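**Q** Below is the structure I would like to discuss, written out as structure tokens.
Shown next, in the form of structure tokens:
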């Protein structure tokens, strides 16, 4: 019985981690500037790769808590940046429009 409760906790934490990853990547796409968007995406992926081998429940909970705090910071920054962003597109965005 204890192993089924442990397995359920692992499934829940895995689902929660994947949800956090998707939320951070969605938030990264909200930045209007290509460089900030790419930086946020890269930092997110690097952080998740760095923590992918965590197995101790307290370490996983700590990393998850830190990730949630980073998500809130990224969301606030995306809002602030969208209010004050210059109306200039980057060369990467212009190239994407030309190739499509």
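Numbering (UniProt numbering), first residue to last: 1 to 100. For each residue, glycine too, the CB sits at the ideal point set by N, CA and C. Only a predicted model underlies this, so the values are computations on that prediction, with no experimental measurement involved.
1. How should residue 37 be labelled, buried or exposed, when 16 other C-beta atoms within 10 angstroms of its C-beta is the threshold for buried?
2. Which of the three DSSP states, helix, strand or coil, is assigned to residue 30?
3. Do residue 67 and residue 25 have their beta-carbon atoms positioned less than 9 Å apart in this structure?
4. Could you give the C-beta distance for residue 28 and residue 41, rounded to a whole number, given that I count them as a contact under 8 Å?
5. On the CB-based measure, 16 or more other CB atoms within 10 Å of its CB, does residue 44 come out buried or exposed?
**A** The short version:
1. Counted from its first residue, the chain shown places residue 37 at position 37. Burial call: buried.
2. Numbered from 1 along the chain shown, position 30 holds the residue referred to as residue 30. Three-state result, residue 30: coil.
3. As a working mapping, residue 25 is identified with position 25 in the chain shown. As a working mapping, residue 67 is identified with position 67 in the chain shown. Contact: no.
4. Indexing the chain shown from 1 puts residue 28 at position 28. Indexing the chain shown from 1 puts residue 41 at position 41. 4 Å between Cβ atoms; contact.
5. Your numbering for residue 44 matches position 44 in the chain shown. Classification of residue 44: buried, given that the 10 Å Cβ count is 16 or more.
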